[in-house]
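Q:
There are 2 protein chains.
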Amino acid sequence: MEHPPDRTNQTSHRATLRTIAERAGVHVSTVSRVLNGSESEGSRAAGASTIARIRDIAGALDYTPDPNATSLRTQRTHLLGVLVPRLSDIVLATIYEGVEETAALHRYYTFVANTRDDPAEQRARTEMMLSRRVDGLIFGDARSDVRYVDDVAARGIPFVLVSRHVGDHPAVTCDDYAGGRLVAEHLLALGHERVGVIAGEPYASTGVDRSAGFLDRYREAGLEVPPDRVAHSRFDTAGGHETGARLLTGRERPTALFAVNDFAAIGAMGAVRESGLRVGKDVSVVGFNDVPLARELPVPLTTVRSPMHKMGQRSVELLMQVLAGQDAAPERLVPSLHARASSARAAD
Amino acid sequence: MEHPPDRTNQTSHRATLRTIAERAGVHVSTVSRVLNGSESEGSRAAGASTIARIRDIAGALDYTPDPNATSLRTQRTHLLGVLVPRLSDIVLATIYEGVEETAALHRYYTFVANTRDDPAEQRARTEMMLSRRVDGLIFGDARSDVRYVDDVAARGIPFVLVSRHVGDHPAVTCDDYAGGRLVAEHLLALGHERVGVIAGEPYASTGVDRSAGFLDRYREAGLEVPPDRVAHSRFDTAGGHETGARLLTGRERPTALFAVNDFAAIGAMGAVRESGLRVGKDVSVVGFNDVPLARELPVPLTTVRSPMHKMGQRSVELLMQVLAGQDAAPERLVPSLHARASSARAAD
DNA sequence: ACGTTTGGGCCAAACGATTGGGTAGAGTGA
DNA sequence: TCACTCTACCCAATCGTTTGGCCCAAACGT
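Keeping their order, the protein sequence lines are chains Z and D.
Sequential numbering from 1 applies to the first sequence in the working numbering.
Sequential numbering from 1 applies to the second sequence in the working numbering.
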């Protein structure tokens, strides 16, 4: 089972334009024009029979152009860089699925890298991507405090944001503010007056907007949520657990918790259980994103569905516009609330 | 906020070997040799002062070599292709995190694509990767029924498998068989005699090995699990739910369910609840992988931890060996069981 | 019959880096 | 002094494509 030390047979009989040109008895530039499609170019380059011959030969040899040679010549790589906090977060993974799929449709390939929301990593990974000469970037990890993307913009590098927005760079997000309001609406309708918010990281527009929408709606209902019932947190289960536990220990225990992320919500459910309370009976819990397992939990989770896959798609399409030199308006996609057993009428 | 229609300023003053050569007053080949490190080459190419001068200039211009030009010349891209069933599966996402991280360490970049376990997609995506001239491939989606990887091997393309194994291609997996035995051991110790297995897809070695280990251990204990208590399933929550529900409706209801995947286990928990039973009281549920949220669930899930991140790492290292022409032995990493509230002593 | 178009190509210069050969001059040994 | 070896470079081909020109012959208009 020794592997061949060199890959000669892999590369040696890879067809190139030259191979085809020789076989067809025409010049390599003719082959290039014919194969490059663009109809008009092709048919101006050769007669119908020559075109057919070239196409046949290319097919038989299953020729694929060498992307390195192409990129070298054209100075565009058809490569996109995607930065996310972490891919093991289902939300980002799903967004990325949309990105990858759509990019492939446009014959683009994507690199993706985790930055852990760490500004140094963000910077480093971006430079790595640029050194690979990507045509454009998609940031899923924009921070409102460390505005690295401003620098990137200043350098004239084409990019879009996804999931989070910052400044007025082109971005595709969920309408998080509206989503937050939906949750408030829901909990108000169920009669919850004392509520807590697990608000996520302060530098991410997702958490910030969701909380803002929620708090605004409560304020409009005449029920200002006091600051000690709004706590920042990490976006994962552990973060939700801690923060949830903290919110539950106040003098007046809230009857409902809104976590700006499903995983934080699951953590919060853990905290509720640990306090000897029942989710959906003693304390309602609402999440955000509607990840697939939300509905499968022992107590199914009420949550706001955000169109993650679609956000990925749209972000690529937006980037295509930017690459074409058009300018691109921010987009916010509309969320919808899905009520399940984790939220119920207030008990008190 | 118009974007510049062309990216002249992005590319125009990108330093090349020539820029540096001119500034330094030497030939471009000299610059190449100096910058290419390799010590011996470098110092044979130029005198100490020239070397310093070149290095300085390159630094000042922050030169990075054009990977397309390099690849065109050297016929190697420093690119790796990674195929997974889907990235929104935390397990694969975590493996990929390990891959990406380790690849970056070796100055390789990775493309990743979802194949949904669909043979046609697998084939198509592989060809896409190859048309991008990747140096090697990592398959996280090998199927034991449609042996596409055999073809890939036959073409002499360097690759390794991760997560699943098939044939005797180089693979990095968890010792799934041992993991299955661990679960059996655990449930036997708790006195469970009637057990059901949610066995995953029949074409994935993960599920197959985990079930086999489990069933073998039960058999050794003199408790053969009847075939109607072993059911294939998809790996996601929905799959676990369905299959769990089916297993629970047999005449003699099992007192424990082993799902070969945490998400299937969560689905099974949903099914248990739906049958009016309590997880960890009436029915024990055990999963596999120990994804982070397993311990945060309302009823924390007993599960087997598989070193997902590490599998990703090791797979890259194995591929590096293959690329170096050495041959590479399969690896199986050892799993460990983590008992939590979802499994308890048998009730009957 | 003669200029002009057009169909059907060919030519060659890039793109940026690598690498197997030179080669001029300085130093060395005999 | 001569042959020789280093040292420190330079030369040029090459990887596979793209693309602005150029060119020849046939057809066409008048």
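We put the beta carbon where it would ideally sit given N, CA and C, even for glycine.
Can you find the residues in the same chain that come closer than 6 Å, C-beta to C-beta, to residue 165 of chain D, ignoring five residues on each side of it along the sequence?
A: Same-chain partners within the cutoff: 171, 173 and 205.
Q: Going by DSSP in three states, residue 250 of chain Z sits in which element: helix, strand or coil?
A: Residue 250 of chain Z: coil per DSSP, three-state reduction.
Q: Just to make sure I have the definition right: I need the residues of chain D whose C-beta is within less than 8 Å of the C-beta of residue 113 of chain Z. Which are they?
A: Going along chain D in sequence order, the residues near residue 113 of chain Z (Cβ under 8 Å) are 100 and 104.
Q: What does residue 263 of chain D reach in chain Z if we use C-beta pairs closer than 7 Å?
A: In chain order: 293.
Q: Might you give, ordered along the chain, the residues of its own chain that have their beta carbon closer than 7 Å to the beta carbon of residue 45 of chain Z, omitting 5 neighbours on each side?
A: 30, 33 and 34, listed in sequence order.
Q: Nearest to residue 188 of chain Z by CA position, among Z/220, Z/207 and Z/163, is which residue?
A: The residue with the shortest Cα to Cα distance from residue 188 of chain Z is Z/220.
Q: Let me check understanding here. Comparing Cα to Cα, which of Z/341, Z/184, Z/144 and Z/87 lies closest to residue 294 of chain Z?
A: Of the candidates Z/341, Z/184, Z/144 and Z/87, the one whose C-alpha sits nearest the C-alpha of residue 294 of chain Z is Z/341.
Q: Counting only beta-carbon separations shorter than 9 Å, does residue 132 of chain D have a partner in chain Z?
A: Yes, contact with chain Z.
Q: Under 9 Å, Cβ to Cβ, is there at least one residue of chain Z near residue 10 of chain D?
A: Here the model assigns residue 10 of chain D a pLDDT of 42, short of 50, so the residue's position is not dependable and the matter cannot be decided.
Q: Please give the ranges of any beta strand (DSSP E) in the region 222–308 of chain D, keeping only runs that are unbroken, at least 3 residues long and fully inside the region.
A: Counting only runs of 3 or more, we get 256–259, 284–289 and 302–305.
Q: Express the C-alpha separation of residue 24 of chain Z and residue 15 of chain Z in angstroms, rounding to a whole number.
A: About 13 Å.
Q: Does DSSP put residue 125 of chain D in a helix, a strand or coil?
A: Helix, per DSSP.
Q: Which residues in the same chain have their Cβ closer than 6 Å to the Cβ of residue 100 of chain Z, if we skip the five residues on either side of it in sequence?
A: Excluding positions up to five away in sequence, the list reads 110.
Q: Using the beta-carbon of each residue, which ones in chain Z are nearer than 8 Å to residue 96 of chain D?
A: Neighbours of residue 96 of chain D on chain Z, chain order: 87.
Q: Taking 9 Å as the cut-off, decide whether the C-beta atoms of residue 236 of chain D and residue 226 of chain Z are in contact.
A: No, Cβ-Cβ distance for residue 236 of chain D and residue 226 of chain Z is not below 9 Å.
Q: Give a yes or no on whether 9 Å exceeds the smallest Cβ distance from residue 227 of chain D to chain Z.
A: Closer than 9 Å: no.
Q: Give me the DSSP bridge partner(s) of residue 331 of chain D.
A: Paired residues: D/172.
Q: Measure the Cβ-Cβ separation of residue 61 of chain D and residue 19 of chain D and say whether it is below 9 Å.
A: Going by C-beta atoms, residue 61 of chain D is nearer than 9 Å to residue 19 of chain D.
Q: Taking Cβ positions only, does residue 338 of chain D come closer than 9 Å to chain Z?
A: For residue 338 of chain D, the answer is no, since every Cβ of chain Z falls outside 9 Å of its Cβ.
Q: I need the DSSP call for residue 93 of chain Z, collapsed to helix, strand or coil.
A: Three-state DSSP puts residue 93 of chain Z in a helix.
Q: Taking the alpha-carbon positions, what's the residue 185 of chain D to residue 125 of chain D distance?
A: Distance between the alpha carbons of residue 185 of chain D and residue 125 of chain D is about 41 Å.
Q: Just how far apart, CA to CA, sit residue 140 of chain Z and residue 84 of chain Z?
A: Rounded to whole angstroms, residue 140 of chain Z to residue 84 of chain Z spans 5 Å at the Cα level.
Q: Could you check the C-alpha separation between residue 319 of chain D and residue 119 of chain Z for me, to the nearest Å?
A: When rounded, the distance between both Cα atoms is 31 Å.
Q: Output yes if chain D places a C-beta closer than 9 Å to the C-beta of residue 240 of chain Z; else output no.
A: Yes, residue 240 of chain Z counts as interfacial toward chain D.
Q: Keeping to the same chain, check which residues put their C-beta closer than 7 Å to that of residue 112 of chain Z; ignore five residues upstream and five downstream.
A: So the list reads 82, 84, 87 and 96, once near-sequence residues are dropped.
Q: What does residue 273 of chain D reach in chain Z if we use C-beta pairs closer than 7 Å?
A: Within 7 Å Cβ-Cβ: 298.
Q: What's the gap between the Cα of residue 307 of chain D and the Cα of residue 143 of chain D?
A: Between residue 307 of chain D and residue 143 of chain D, the C-alpha separation is close to 21 Å.
Q: Mapping the DSSP letters down to three states, classify residue 357 of chain D as helix, strand or coil.
A: Because chain D is modelled from 1 through 348, residue 357 of chain D falls outside the range shown and cannot be assessed.
Q: Quick one: which chain Z residues come within Cβ less than 9 Å of residue 20 of chain D?
A: Under the 9 Å cutoff, chain Z gives no residues; its nearest Cβ is about 16 Å from residue 20 of chain D.
Q: Residue 77 of chain Z lies in the beta strand (DSSP E); which residues open and close that run?
A: Per DSSP, residue 77 of chain Z belongs to no beta strand (DSSP E) and is neither H nor E.
Q: Give the straight-line distance between the Cα atoms of residue 115 of chain Z and residue 130 of chain Z, rounded to the nearest whole angstrom.
A: Going by the C-alpha atoms only, they are around 15 Å apart.
Q: Between residue 77 of chain D and the rest of its own chain, which residues show a CB-CB distance below 6 Å, the 5 nearest in sequence each way excluded?
A: The answer, listed in chain order, is 71, 133 and 135.
Q: Mapping the DSSP letters down to three states, classify residue 204 of chain Z as helix, strand or coil.
A: Reduced to three states, the DSSP call for residue 204 of chain Z is coil.
Q: Report the residue from Z/313, Z/321 and Z/335 whose alpha carbon sits nearest the alpha carbon of residue 162 of chain Z.
A: Of the candidates Z/313, Z/321 and Z/335, the one whose C-alpha sits nearest the C-alpha of residue 162 of chain Z is Z/313.
Q: Let me see if you follow: with CB-CB separation under 9 Å, is residue 71 of chain D close to chain Z or not?
A: Output row for residue 71 of chain D: interface = yes.
Q: Can you find a C-beta in chain Z that's less than 9 Å from the C-beta of residue 267 of chain D?
A: Yes - at least one Cβ of chain Z is within 9 Å of the one on residue 267 of chain D.
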